[in-house]
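To start, the structure under review is shown below, and the notes come after it.
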Amino acid sequence: ERLIEHVISGGVHGIFVLGTTGEFAGLGYRLKSQMVSLTCEIVRSRVPVLVGITDSAFTESLQLEKVALECGADAVVMAPPFYFTTSQSEYIDYIKRIMSHLTLPLFLYNMPTHTKMNIEPDTVKLLAKIPGIIGIKDSSSNLAYFNQVRSELHDRSDFSFMVGTEEFMAEFVIMGGHGGVTG
Numbered sequence: 001e002r003l004i005e006h007v008i009s010g011g012v013h014g015i016f017v018l019g020t021t022g023e024f025a026g027l028g029y030r031l032k033s034q035m036v037s038l039t040c041e042i043v044r045s046r047v048p049v050l051v052g053i054t055d056s057a058f059t060e061s062l063q064l065e066k067v068a069l070e071c072g073a074d075a076v077v078m079a080p081p082f083y084f085t086t087s088q089s090e091y092i093d094y095i096k097r098i099m100s101h102l103t104l105p106l107f108l109y110n111m112p113t114h115t116k117m118n119i120e121p122d123t124v125k126l127l128a129k130i131p132g133i134i135g136i137k138d139s140s141s142n143l144a145y146f147n148q149v150r151s152e153l154h155d156r157s158d159f160s161f162m163v164g165t166e167e168f169m170a171e172f173v174i175m176g177g178h179g180g181v182t183g
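For what it's worth, my numbering labels the leading residue of the sequence shown as 1, then goes sequentially.
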């Protein structure tokens with residue numbers, strides 16, 4: 001509660017719970033649900049709440065999205081399923097399938113160091129056409145990647161592009177990125 005109040009009073013534009021820095025992979029499902037509920041309760045709609053639903057189990061991602069929806073979160077964030085190596089076409093199929101079940105808007109989450117895959121720029125462009133996918137958080141620490149994705153989505157001012165690496169955030173915003181979701 002103190003942390004949430006501190007960052008809101010500091011001027012953040014949103015809260016992201018159950019991301020990589022939040023150690024989501026090491027938490028049990030009951031605790032994840034409690035964290036989402038408590039976060040939404042503390043925030044009280046003062047800023048948007050984004051909830052990480054990344055999991056290696058499809059059904060667990062759906063269940064966490066349901067909790068997020070019931071608690072009043074504004075959007076969900078999902079990296080590719082970790083542990084399994086996934087091709088671009090398999091990932092596209094996975095996202096299409098999960099989007100047919102989600103109610104909340106989705107941010108893609110590119111975290112290649114933890115998921116064994118990089119969401120390629122042309123894959124981002126293709127997925128950005130799916131209704132309900134509203135942006136991407138990139139934690140690849142690769143400004144060349146940013147430039148490639150920005151080039152692919154030059155006509156999509158409605159698609160948010162956030163960075164996860166603090167060291168690149170100022171440069172990223174100067175180059176046209178929308179902001180950061182940093183630890």
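Using N, Cα and C, we set each Cβ at its ideal position, and we do this for glycine too.
Separation of residue j from residue i, as counted between CA atoms
i: residue 30; j: residue 120; result: 33 Å
i: residue 131; j: residue 89; result: 18 Å
i: residue 92; j: residue 143; result: 23 Å
i: residue 84; j: residue 11; result: 38 Å
i: residue 16; j: residue 180; result: 11 Å
i: residue 98; j: residue 53; result: 11 Å
i: residue 115; j: residue 140; result: 11 Å
i: residue 41; j: residue 147; result: 38 Å
i: residue 67; j: residue 74; result: 12 Å
i: residue 3; j: residue 164; result: 19 Å
With 16 other Cβ atoms within 10 Å as the buried cut-off, status of residue i
i: residue 168; result: buried
i: residue 7; result: exposed
i: residue 19; result: buried
i: residue 113; result: exposed
i: residue 110; result: buried
i: residue 106; result: buried
i: residue 5; result: exposed
i: residue 170; result: exposed
i: residue 184; result: This structure does not reach residue 184, given that the chain is present from 1 up to 183, and the question cannot be answered.
i: residue 58; result: exposed
i: residue 184; result: No information on residue 184 is available, as it lies outside the stretch 1 to 183 that the chain covers here.
For residue j and residue i, believed in contact at Cβ under 8 Å, the rounded distance
i: residue 77; j: residue 51; result: 7 Å
i: residue 104; j: residue 127; result: That belief does not hold up - the Cβ atoms of residue 104 and residue 127 are roughly 16 Å apart, past 8 Å.
i: residue 72; j: residue 45; result: 7 Å
i: residue 162; j: residue 137; result: 5 Å
i: residue 160; j: residue 135; result: 3 Å
i: residue 125; j: residue 152; result: 4 Å
i: residue 102; j: residue 65; result: 6 Å
i: residue 189; j: residue 13; result: Outside the modelled stretch of the chain, which goes from 1 to 183, sits residue 189, for which no answer is possible.
For residue i: DSSP bridge partner residues
i: residue 162; result: 137 and 179
i: residue 109; result: 137
i: residue 52; result: 77
i: residue 16; result: 50
**Report entry** Stretch-stretch touch, CB-based, cutoff 8 Å, three pairs: the stretch 37–45 with the stretch 20–29
**Finding:** The stretch 37–45 is not in contact with the stretch 20–29.
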